[in-house]
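A.B. asks: In the numbering used here, the protein residues as written are 587 to 1162.
Input: one structure, supplied below.
In structure tokens form, the structure reads like this:
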């Protein structure tokens, strides 16, 4: 099931994380180009067991976790995971609390059929912190602990999910999977948005009050099988899926003007970034009341078929096509004071999305491939007029080589890709120049040219390492003539070069058997901060940011049923 952008997952419930890169992800629809992260949750077991964990860390962080599982009968098993986290921050006034529970049941109807039912609930409350910004497009060292949102700012979210998954094996070659899920996501936010200072360092703190609910229903049926036509082997995937979402959002006012109209903007008080005495303000949270409520429903369904054709032992062809149909129903805006309702127009979109790939294996351990995939993306969120965003189309080209060495103990992969998004969705720019945390907008065509290399190895018992490098040039390539973003300028927040390396060793013998040591390094290259500039307002708001590297070290020890793990993050105290 998909997860809303606001419902960040709880890692304690994950068995593994699978990354579907490139065109491998696009067949399932409703996803952006590049990759899809598939989070595989822990499942019930037909044996009794469990674990109790306690994590503590800097800035008053503590997080207890419990995980129990076992059989209820010969055919029914359970699992229950629960955790609570309380944490501060190196930033003044910033804190967070999370509560999470994940029960699940596994029912084996027969040797060929099983039903997995899962539910989870996450309550996440945290202080919204957008940093301190810049002055005259220059980075100023205010001190990394400084916090300039309102001292009472809050962001409270609740996410609940229920899911049922039925799997049936007809035989060794054919399997059917059916899934249905429901998710609700609620957000309650109040505070200042991203603050923009003038050349003297003075900034207003205009408030934003947001209450929104999102309900999402997902259904999917997949049939997997393999068969032969003569000497040619086929691996077939056929499926249908659908999802329905309803987003309800409220707009607020902060009082009445003398003429009876609503006060729709409210400045909590100016702040001088160079004077910490102005950061706190009055400390009083202004009253705000809802004035409009907008409902934005979207309905999408699709069908897909894919066939991996093994023409010979060395040559394979992957071919697939997906059909997607989306109905963006009329948004309904209800005036909560007068009862008047204003609606928009219902919009229908559909598309066929092809996918094709060629794979050549000159050796059993080496694969060369090229692929093309097209995808129809259902953009989430609403625009500043509370209307649902139309979909985007993505074209993705990819070529690469995959190698296995030493019997699979070492793998090395190289990939080149080009991704063209016909109309990229990003956070909306508000009239005051700040970036919205609520609304989104379509900014035109973007293109990413990239290259990736990764090496993973397990050359000796207990020794594991991985290394990776990525190059990505993402920019706007076709935008509106007057109001569009300037083309061929790297998008803010995208990094040209990144690299990582991790090395772990677990001692296998002697007095230190069970001791595990590891180190990791993460390099982030130069990139742009600030905002991409529009053609009609080239105010040069881009801020070049320097490259940086962080180093982590971890050590752990396991003895019988006990494990202890310690980690030091950012050993060099890097600030960027």
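A virtual CB, placed ideally from N, CA and C, is assigned to each residue, including glycine.
Just so it is clear, the structure is predicted and the values come from calculations on it, not from any experiment.
Please classify residue 1045 as buried or exposed, where buried requires at least 16 neighbouring CB atoms within 10 angstroms.
C.D. replies: exposed
A.B. asks: With three or more C-beta pairs closer than 8 Å as the rule, is the segment 899-918 touching the segment 933-947?
C.D. replies: yes
A.B. asks: Alpha carbon to alpha carbon, how far is residue 737 from residue 687?
C.D. replies: 30 Å
A.B. asks: Between the segment 986-1002 and the segment 949-960, do at least 3 Cβ pairs fall closer than 8 Å?
C.D. replies: yes
A.B. asks: By how many angstroms is the C-alpha of residue 670 removed from the C-alpha of residue 723?
C.D. replies: In a straight line, the C-alpha of residue 723 is about 40 Å away from that of residue 670.
A.B. asks: Between the beta-carbon of residue 1080 and the beta-carbon of residue 1110, is there less than 7 Å?
C.D. replies: no
A.B. asks: List the DSSP bridge partners of residue 1130.
C.D. replies: 1114
A.B. asks: Would a C-beta distance cut-off of 7 Å place residue 625 and residue 600 closer than the cut-off?
C.D. replies: yes
A.B. asks: Counting beta carbon pairs with one atom in the segment 760-770 and one in the segment 799-819, are three or more of them shorter than 8 Å?
C.D. replies: Verdict: yes, contact present.
A.B. asks: How many angstroms separate the CA atom of residue 1203 from the CA atom of residue 947?
C.D. replies: Any question about residue 1203 goes unanswered here, given that the chain covers just 587 to 1162.
A.B. asks: Out of 1113, 1088, 1049 and 1067, point me to the one whose CA is closest to residue 1077's CA.
C.D. replies: 1113
A.B. asks: Distance, Cα to Cα, residue 623 vs residue 602?
C.D. replies: 10 Å
A.B. asks: Going by Cα to Cα distance, which pick from 1034, 894 and 921 is closest to residue 983?
C.D. replies: For the options 1034, 894 and 921, the alpha carbon positioned closest to that of residue 983 is the one of 1034.
A.B. asks: Which of the three DSSP states is assigned to residue 872 in this structure?
C.D. replies: coil
A.B. asks: Can you list the beta strand (DSSP E) stretches of 3 or more residues lying completely in the segment 922-995, in chain order?
C.D. replies: 927-929, 933-949, 952-963 and 978-991
A.B. asks: Taking the Cβ atom as the reference point for each residue, do residue 644 and residue 684 lie within a distance shorter than 7 Å?
C.D. replies: no
A.B. asks: Whose C-beta lies closer than 6 Å to the C-beta of residue 756 among residues of the same chain, with five residues either side of it excluded?
C.D. replies: none
A.B. asks: Pick out whichever of 959, 646, 874 and 1066 has its Cα sitting closest to the Cα of residue 904.
C.D. replies: Comparing alpha-carbon positions, the option among 959, 646, 874 and 1066 lying closest to residue 904 turns out to be 959.
A.B. asks: Between the alpha carbons of residue 1067 and residue 997, how many angstroms are there, rounded?
C.D. replies: 47 Å
A.B. asks: Starting from residue 775, trace the beta strand (DSSP E) in both directions and tell me its first and last residue.
C.D. replies: 760-778
A.B. asks: Which stretch, first to last residue, makes up the beta strand (DSSP E) that contains residue 810?
C.D. replies: Judged by DSSP secondary structure, residue 810 falls within the beta strand (DSSP E) whose first and last residues are 793-815.
A.B. asks: For residue 712, I'd like the list of residues in its chain whose CB is within less than 6 Å of its CB, leaving aside the five on either flank, ordered along the chain.
C.D. replies: 682 and 741
A.B. asks: By Cβ distance below 6 Å, which residues in the same chain neighbour residue 689 in space, the five residues on each side in sequence not counted?
C.D. replies: Same-chain partners within the cutoff: 666 and 705.
A.B. asks: Could you spell out where the beta strand (DSSP E) holding residue 685 opens and where it closes?
C.D. replies: Residue 685 -> beta strand (DSSP E) spans 682-694.
A.B. asks: With distances taken Cα to Cα, identify the nearest neighbour of residue 597 among 668, 661 and 921.
C.D. replies: The closest CA to that of residue 597, considering only 668, 661 and 921, is found on 668.
A.B. asks: Got a sec, what are the start and stop residues for the beta strand (DSSP E) residue 706 sits in?
C.D. replies: 699-712
A.B. asks: Compare the beta carbon distance of residue 1099 and residue 1093 with 7 Å and say whether it is the shorter of the two.
C.D. replies: yes
A.B. asks: State the start and end residues of the unbroken beta strand (DSSP E) segment that holds residue 650.
C.D. replies: Element bounds for residue 650: 647-657.
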